[in-house]
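To keep things clear, I will list the structure first and then write my remarks on it.
Protein chains in written order, with our numbering: chain Z, 2 to 347; chain B, 44 to 439.
Quick look at the structure:
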């Protein structure tokens, strides 16, 4: 990599992107107050909200026009995911959008793709390759009967009669144990290297969109802590005047601003120059995960004992920081993947 | 949003080729050797050669001694200067100070200096920090007392980096100790050749040279005053905001982070460590075969990328943190060979990891400590209330 290469470094949004960002932010602010988030616990799925999210067209918008989409880009998707994260919305959008795009990229028939693009059913992606039929934790599998998985050298869509049983978890997400059922209906989408490449790209997209969601989530948590620090007083001054409070919050702001830009840059390059920096989406994920953990911990702590209570909204962000980060391949494995790419030992 | 490469027109490509071959010939190994040994942040031969092309003030028109470069050509030039590791500290401080000279200097002084800034014969350093004042620039005690058409200066400044290679220092002085802290200050452009100015070298363990500058009954003409008497804080604000990257708009070409230059030595050290990790070591194994080594290298690379894209004043802090922590981590990975000095038997590269770790520490202090920048972020980005300290408004 030429570290002095002449490239644009334009982080600005165009009018369409700004309009999308604003409309999605307004949608979630109105349709998904924190009461809605709590009401959807412990499953973490609000079907009414999901219907309304689908009505926005977000499941299909990033498909090619020829496949019934609007040719929206990965950049548009990360803008949406950031707003979803800000609202900690209990909808399986990240996994469903990634699975739908994977179906289209694998050349699935219209018959297979249409229910995903319309959102008739929820589709999920099994993040790890299936080994010897062993079960794995699959995000959204408690609300999705259709799971895309890589088994051996085949990428296939597995459709069961219904979703798998929910397992209770820290982030209140629709997590479930899942394994391919030999008796299930199965549509093979790709085989060999193509199957592995498609799956790897989908997992990278999952990490990137999750990173975007974590940026929004962390900024929302930061915002709560900042408002608290402006009004809460100790020894006659607002606690936000104290460096012991202001500096940790400034550090969260530093991390959030960098994580957002890293997500945007990774999204743009993945969309427009696929393969040029394959490590960047994974780097954005690593940084956003650590930003979320550190940022939500700091934000809860700056609200003292109050921030530690279950009824404080700080708890919603804290519990989902890890609750969302670990769903599709843990940060440890992600870090190994980055290392393999930069050392060329893949 | 756009992070794409830029297709150059034949004329632009010709310019890029010209810059590169000019710098290839100009920045000889002895320039880099000298910089390594002395840490001047300046090389006179290189500086004057750049001036002869108008490339010290590239946006100025050729009639004014510049090169009339558009933003794209300026970016091409900037990247090539960085690629060639041109020592640029004094060029940077000269540019910062020029904005104040241009706006506030006596027109005859301004007109006299403009062509010399462009050709490289007039260079400016920053006379901000009092020995006891640290980052609190407004606490300056260096006295300037009016005597007819002259001012008499007495006091000292620390960390006047580049003074040994500059003709003038941009000096903040107290002209009225009775007025509130920020209201009794005046800015001067002090000729460093004036009798009574004494420059003493200070070495840092980062390899750089800076200076203490002493002023003993230094007499300068009122012509060298910038802006109004006791109006120094307003004069200082332009250069200070620029140094702190407050309120700068992006043209889509510039680095989003003002801490970008902090990360250059980390890039060199990381690339050097990656090369080391791929080689078979004395025990017959390659470091990259150890997954823990790979993961730790990955983490440094992530922090570097995060530093590159973190915007504005946030990027300044992040850039410093990334190299301070990253270089230490790289040293831990390489072990004792990473500590070897350039030229020592078995040293890694040119001692790049050793250098990055030492040099990194200065980035946490340049232009005000990272704590100053955290305060700026807390107040101006997050909108947190300002703390009132006993010495905030009063000189104590």
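The beta carbon of each residue, even a glycine, is placed where N, CA and C say it ideally should be.
query: Three-state secondary structure assigned by DSSP to residue 308/Z; result: helix
query: CA-to-CA distance, residue 125/B to residue 260/B, given in whole angstroms; result: 41 Å
query: Pair within 8 Å by beta-carbon distance, residue 501/B and residue 157/B; result: Residue 501/B lies beyond the stretch modelled for chain B, which goes from 44 to 439, so this question has no answer here.
query: Distance, residue 335/Z Cα to residue 280/Z Cα; result: 10 Å
query: Host beta strand (DSSP E) of residue 267/B (start-end); result: Careful: residue 267/B lies outside any beta strand (DSSP E) and carries neither H nor E.
query: Beta-carbon proximity list for residue 58/B, same chain, < 7 Å, skipping 5 on both sides; result: 116, 119
query: Beta carbon proximity, residue 76/Z to chain B, threshold 8 Å; result: yes
query: Cα-Cα separation between residue 33/Z and residue 131/Z, rounded to whole angstroms; result: 35 Å
query: CB contact flag (residue 57/Z, residue 91/Z, <8 Å); result: no
query: Any chain B beta carbon closer than 8 Å to residue 273/Z; result: yes
query: Interface residues of the segment 324-342 of chain Z facing chain B [CB-CB below 7 Å]; result: 336, 337, 339, 340, 341
query: Residue 49/B - DSSP class collapsed to helix/strand/coil; result: coil
query: Whole beta strand (DSSP E) elements within the segment 122-209 of chain B, 3-residue minimum; result: 167-170, 186-190, 193-200
query: Same chain, Cβ closer than 8 Å to residue 231/Z, five either side skipped, listed in chain order; result: 239, 241
query: Burial state of residue 223/B, where buried means 16 or more other Cβ atoms lie within 10 Å; result: exposed
query: Given 8 Å, three or more beta-carbon pairs between the segment 238-252 of chain B and the segment 268-276 of chain B; result: no
query: 4-residue-minimum alpha helix (DSSP H) runs that sit fully inside the segment 332-367 of chain B, ordered along the chain; result: 334-352
query: CB contact flag (residue 185/Z, residue 160/Z, <8 Å); result: yes
query: Neighbour-count burial assignment, residue 330/B, 16 or more Cβ in a 10 Å radius; result: buried
query: Residue 147/Z - containing beta strand (DSSP E), residue span; result: 147-152
query: Residue 12/B versus residue 253/Z - alpha carbon distance; result: There is simply no residue 12/B to check, as chain B begins at 44 and stops at 439 in what is shown.
query: Where the alpha helix (DSSP H) through residue 286/Z begins and ends; result: 280-302
query: 9 Å Cβ cut-off: residues of chain B touching residue 348/Z; result: Nothing can be reported for residue 348/Z: it is not among the residues displayed for chain Z, which extend from 2 to 347.
query: Beta-carbon separation (whole angstroms), residue 211/Z vs residue 330/Z, contact threshold 8 Å; result: With 8 Å as the limit, residue 211/Z and residue 330/Z do not qualify as a contact, their Cβ atoms being about 10 Å apart.
query: Short CB-CB distance (under 8 Å) between residue 4/Z and chain B; result: yes
query: Residues of the segment 342-364 of chain B whose Cβ lies closer than 7 Å to any Cβ of chain Z, in chain order; result: 342, 344, 345, 348, 349, 352, 353, 354, 357, 360, 361
query: Cβ separation of residue 275/Z and residue 208/Z, assumed to be a contact under 8 Å, to the nearest whole Å; result: Not confirmed; about 15 Å, so no contact.
query: Nearest to residue 409/B (by Cα), restricted to the options 360/B, 64/B, 421/B; result: 360/B
query: Within chain B, partners of residue 288/Z - CB distance below 9 Å; result: 345, 346, 348, 349
query: Separation of residue 396/B from residue 40/B, as counted between CA atoms; result: Limits of chain B in this structure are 44 at one end and 439 at the other, which puts residue 40/B out of reach.
query: Proximal residues of chain Z, C-beta to C-beta of residue 201/B below 9 Å; result: Going along chain Z, no residue has its Cβ under 9 Å from residue 201/B, so there is no contact; the nearest lies around 24 Å.
query: Within chain Z, partners of residue 367/B - CB distance below 7 Å; result: Going along chain Z, no residue has its Cβ under 7 Å from residue 367/B, so there is no contact; the nearest lies around 14 Å.
query: CB contact below 8 Å: residue 255/Z versus chain B; result: yes
query: Contacts that residue 239/Z makes with chain B (C-beta to C-beta distance below 7 Å); result: 428
query: Residue 398/B, buried or exposed, once every other Cβ within 10 Å from all chains shown has been counted against 16; result: buried
query: Integer Cβ distance of residue 249/Z from residue 169/Z, believed to fall under 8 Å; result: With a Cβ gap of about 32 Å, residue 249/Z and residue 169/Z do not count as contacting.
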